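Participant: Here our numbering is used: the first residue of the sequence shown is 923, the next is one more, and so on. We put the CB at the ideal spot given by N, CA and C, even for glycine. Keep in mind it's a predicted model, so treat the numbers as computed, not measured. Below is the structure I would like to discuss, written out as structure tokens.
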Amino acid sequence: MQNSSTKHLAKQVPKPSTGFTIVELMIATVVFAIILLMTLGGFVQIGRTFYKGVTISRTENTVRTIADSLSSDIRSSQVAAGTITLESPTTSGVSYFCIRNHVYYFKPGVIFDTDPINSPDESDYGLKKGDINSSCNDPSVPANKPDNIQQLLGEKMRVSKLQITCGADINDRLCDISIHIAYGDNELLDSAKVRAVKSNPTPGELSKGDDVLCKGATAGTQFCATADINTSVLRGGSL
923 MQNSSTKHLA KQVPKPSTGF TIVELMIATV VFAIILLMTL GGFVQIGRTF
973 YKGVTISRTE NTVRTIADSL SSDIRSSQVA AGTITLESPT TSGVSYFCIR
1023 NHVYYFKPGV IFDTDPINSP DESDYGLKKG DINSSCNDPS VPANKPDNIQ
1073 QLLGEKMRVS KLQITCGADI NDRLCDISIH IAYGDNELLD SAKVRAVKSN
1123 PTPGELSKGD DVLCKGATAG TQFCATADIN TSVLRGGSL
């Protein structure tokens, strides 16, 4: 039979601890941090994919709208045989051509940006369409400014290529339209053609190539897109 002192000692024996050790807590914290970082990375990637999709969609919709406008004018006009004359850039850098009672004009490869800080020398350009009543003259000259001017591009877009070629024979009424549009800051674009003729081209020079594409692994590439359209339409009227 145990005496009272033995019972008292038995009560004093500490029970094993059931808490976490410092090492276990550190491991759990590291695992949680890794999971959190992976989750945040997933959300960032989803955001980039979303914005990339929006950027591509806007650019493609814009190039289709331009093609529809040109096609409509060609179908309802008596465009002469051969290539529609795209006048060489004027002293202000503007290229232009006329179809029906409309003039289309733009600065090749120049971004449309309403903020003069981003394009101080070529501010607020793009692809513009205006109404004319007589001959096709340089619309950048104030005296020739067309009426009802429409901007066909969205912010941060530029026309890299725009060409219309109609059948050389008077009986060939088919006209081919080729358009290349690029969206994004100059630093996001690259041009193989420009690099072939320039050793160290600047972002501004690269963005003006008619073959511009978005750079690959570049920060902000989700805000860059290019779109092409090649279509054909029958010019109207009997020539």
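With a threshold of 8 Å, are at least 3 pairs of Cβ atoms found where one atom belongs to the stretch 978 to 989 and the other to the stretch 1141 to 1153?
Facilitator: yes
Participant: On the CB-based measure, 16 or more other CB atoms within 10 Å of its CB, does Thr875 come out buried or exposed?
Facilitator: Residue 875 is absent from the model: the chain starts at 923 and stops at 1161.
Participant: How about Lys1051 and Leu1075: do their beta carbons lie closer than 8 Å?
Facilitator: no
Participant: Rounded to the nearest angstrom, what separates Val952 and Ile978 at their Cα positions?
Facilitator: 39 Å
Participant: Quick one: residues in its chain with C-beta nearer than 6 Å to the C-beta of Arg1080, no 5 flanking neighbours on either side, listed in chain order?
Facilitator: Gly1031, Val1032, Ile1033, Ala1104
Participant: Please say whether Tyr1027 and Pro1061 have beta carbons closer to each other than 8 Å?
Facilitator: yes
Participant: Using DSSP with H/G/I as helix, E/B as strand and the rest coil, what is Pro1042?
Facilitator: Since pLDDT at Pro1042 reaches only 49, below the 50 mark, its modelled position is unreliable, and no value is offered.
Participant: From Lys1130, Asp1112, Gly1126, Arg1117, pick the residue whose C-alpha is nearest to that of Lys1137; which is it?
Facilitator: Asp1112
Participant: Please state the DSSP three-state secondary structure of Ala1065.
Facilitator: In the three-state reduction of the DSSP assignment, Ala1065 falls in the helix class, which pools H, G and I.
Participant: I think Lys1115 touches Gly1131, with their Cβ atoms under 8 Å apart; what is that distance to the nearest whole Å?
Facilitator: Indeed they touch by this definition, with Cβ atoms about 5 Å apart.
Participant: Assign Thr1148 to one of two classes, buried (16 or more other C-beta atoms within 10 Å of its C-beta) or exposed (fewer than that).
Facilitator: buried
Participant: Indicate the three-state DSSP secondary structure (helix, strand or coil) for Thr1148 in the structure shown.
Facilitator: strand
Participant: Looking at Ile1101: is its Cβ nearer than 8 Å to the Cβ of Val966?
Facilitator: No. Outside cutoff.
Participant: With distances taken from CA atoms, which of Asn1055, Lys1029, His1024 is nearest Gly1015?
Facilitator: Lys1029
Participant: Residue range of the beta strand (DSSP E) that Val1025 falls in?
Facilitator: 1024 to 1028
Participant: According to DSSP, is Gly1126 helix, strand or coil?
Facilitator: helix
Participant: Given a threshold of 16 other Cβ atoms within 10 Å of its Cβ, counted over all protein chains shown, does Val1025 qualify as buried or as exposed?
Facilitator: buried
Participant: One question on the structure: do Gly1106 and Phe1145 come within less than 8 Å of each other, judged by their Cβ atoms?
Facilitator: yes
Participant: Does Phe1019 pass the burial test, meaning 16 or more other C-beta atoms within 10 Å, or should it be called exposed?
Facilitator: buried
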